[in-house]
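Converting from the sequence shown to my numbering requires adding 5 to each position, the first position being numbered 1. All residues carry an ideal CB built from backbone N, CA and C; glycine is no exception. Everything on this sheet refers to the single structure shown next.
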Amino acid sequence: MRKELIFAVSALIFLSGCENGNLFSWTHSAGSNKSVDALLADGINAERNKDYDDAIKFFDDVLSKQPGNSEALYGKASSELKNAGLDIASLIPQLINQDTGAAEDLLSNILAGNLLLATEEAGPALKKIADGRADGAIPSDDFDINLNLGIIYFLHAASLLSQDPGVSVKNNFTVDGTPTRATINKAIENIDNAIKYLNAAMGGGLGGVKANFESFKTELETL
């Protein structure tokens, strides 16, 4: 049965990606040149063309050769979320302008199951950068990386909860229905991580978002 994930936050993921063109496109068909630079360019080009499955494959190919490649980790996370239907470009200005109703409409058609799988892939990719285990090309204290990761952990928590029968997460950070204790515990663990990485990005004036996350955790603890 189709489940809709409906909620809003004060800020959401902004994965800008690399704006470089595919410098190798005139010399090879996508994927035929197995050098890291060519595969990375193929991934960026595929993501730009909304070929997200291909983009993920190219970024994974880069990571098989260079597991700590920051650009590939970032590109993979971005493509995984876009492949799940998360319209980042449309969400960002509405969330910045506190237009949570419009943001809710944009999120309401995303299948919770799709977003759950996407965050399971995107989260570890960005976490590797934020925890300083990547190549350093994108610094671990990068604002976007930590903000994105904090929001991904929140999305993952909400997706987990929405998978339990009869449970939904509302746009005022409340839960309808009664999740299982195991699901609640997993969701709280994800919210703790969301707050951790949001704290690392707090220079961006994200106190309101943090307060919402903390309120959501309190809500879960009372279930």
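Item: Top-ranked residue by Cα proximity to Ala-89, from Leu-78, Asp-58, Gly-73; Value: Asp-58
Item: Extent of the continuous alpha helix (DSSP H) to which Phe-218 belongs; Value: 212-226
Item: Straight-line gap, Thr-183 to Leu-86 (C-alpha atoms, nearest Å); Value: 27 Å
Item: Cβ separation of Ala-135 and Ile-150, assumed to be a contact under 8 Å, to the nearest whole Å; Value: 5 Å
Item: CB contact flag (Tyr-158, Ala-206, <8 Å); Value: no
Item: Proximity below 8 Å, CB of His-161 to CB of Asn-195; Value: yes
Item: Close beta carbons around Leu-44, own chain, < 6 Å, minus the five adjacent residues each side; Value: Phe-63, Asp-66, Val-67
Item: Bridge partner(s) assigned by DSSP for Asp-197; Value: Looking at the DSSP assignment, Asp-197 forms no beta bridge with any residue, so it has no partner.
Item: Helix, strand or coil at Ser-167 according to DSSP, with G and I counted as helix; Value: helix
Item: Asp-140, DSSP secondary structure in three states; Value: coil
Item: Beta-carbon gap between Phe-75 and Ala-139 smaller than 8 Å; Value: What sits at residue 75 in the sequence shown is Ser, not Phe. A contact, by the Cβ cut-off of 8 Å.
Item: Under 8 Å between C-beta atoms of Ala-77 and Gly-48; Value: yes
Item: Bounding residues of the alpha helix (DSSP H) (the contiguous stretch that carries Phe-64); Value: 57-70
Item: C-alpha gap between Leu-225 and Lys-70, whole angstroms; Value: 41 Å
Item: Whole-number beta carbon distance between Ala-187 and Val-174, since they are thought to touch under 8 Å; Value: Their Cβ separation, rounded to whole angstroms, is 17 Å, which puts Val-174 and Ala-187 out of contact at 8 Å.
Item: Cβ distance (whole Å) where Leu-154 is taken to contact Lys-133 below 8 Å; Value: At roughly 10 Å, the Cβ-Cβ gap does not stay under 8 Å, so Leu-154 and Lys-133 are not in contact.
Item: Contacts around Glu-126, its chain only, beta-carbon distance under 6 Å, and the 5 residues preceding and following it disregarded; Value: Glu-85
Item: Cutoff 8 Å; reference Lys-222; Cβ partners in own chain excluding five residues on either side; Value: Ile-193, Ile-196, Asp-197, Ile-200
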